[in-house]
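A short write-up of the structure that comes next.
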Amino acid sequence: MIWVIPKILSRRIPETRMSIYALIVPGEASETDDECRDNSEGEDRRDIVDFSEIHTNENGIDKMENSKVDEENLRQRFYGTHINEEIERRWQQLSLDSFKYSNNKFVNQMKQLESLQKTITNSQQIVQEVSYKVRMAIEKLGDLESNICYLIEGIKLVPSMDNLK
Numbered sequence: 001m002i003w004v005i006p007k008i009l010s011r012r013i014p015e016t017r018m019s020i021y022a023l024i025v026p027g028e029a030s031e032t033d034d035e036c037r038d039n040s041e042g043e044d045r046r047d048i049v050d051f052s053e054i055h056t057n058e059n060g061i062d063k064m065e066n067s068k069v070d071e072e073n074l075r076q077r078f079y080g081t082h083i084n085e086e087i088e089r090r091w092q093q094l095s096l097d098s099f100k101y102s103n104n105k106f107v108n109q110m111k112q113l114e115s116l117q118k119t120i121t122n123s124q125q126i127v128q129e130v131s132y133k134v135r136m137a138i139e140k141l142g143d144l145e146s147n148i149c150y151l152i153e154g155i156k157l158v159p160s161m162d163n164l165k
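Oh and the sequence shown: position 110 is 110 in full-length UniProt numbering, straight run, nothing missing.
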């Protein structure tokens, strides 16, 4: 594989950023570093490779002919790939940021909802306890009412003191 950097981007790109603009041309990779050095013809590897320097040889090593059509095709593929990857990376970052934003936005509401659910559960338990105690009080009042009725009937059975005189 040969690393090709378009001449349009050759405006003294710092070494650290050069890898951003590199393009891998599909094909058979060189077997040794000597083949790569032969291709550069003694030039400093940090320099930009010109499309016209790439030739075809019999070994099948991937080289491009000095043709305007191939150069334009390669440039279009390079920019399309680079732009598509950049757009994809931006969309992924946007989706991640959107997810984080929506989570952060609703964290307080979710906490409030959880506390509200706990409060409702506690309220239901309290209502059930009160209902149980009211039922017990009603039963006790019913027992008290029946006891009072028995007392009234019992008093009627007791002879009165007026008759004794």
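Cβ atoms here follow ideal geometry from the backbone N, Cα and C, with glycine treated the same way.
Neighbourhood of residue i by C-beta, 8 Å cutoff - its chain only, sequence neighbours within 5 removed
i	result
V130	none
S102	none
R135	none
E43	For E43, the predicted structure reports a pLDDT of 49, less than 50, and the residue's modelled location is therefore unreliable. The matter cannot be settled from this model.
Contacts around residue i, its chain only, beta-carbon distance under 6 Å, and the 5 residues preceding and following it disregarded
i	result
I20	Since pLDDT at I20 reaches only 49, below the 50 mark, its modelled position is unreliable, and the value read off the structure follows with that caveat. So the list is empty, once near-sequence residues are dropped.
D162	none
Neighbour flag for residue i against chain C, beta carbons, 8 Å
i	result
R135	Absent here is chain C; the protein component of the structure consists of one chain.
- Query: Where in the region 106-153 do unbroken runs of the beta strand (DSSP E), each at least 3 residues long, occur, reported from the N-terminal end onward?
  - Reply: As summarised for the region 106-153, there are no continuous beta strand (DSSP E) elements at least 3 residues long confined to that stretch.
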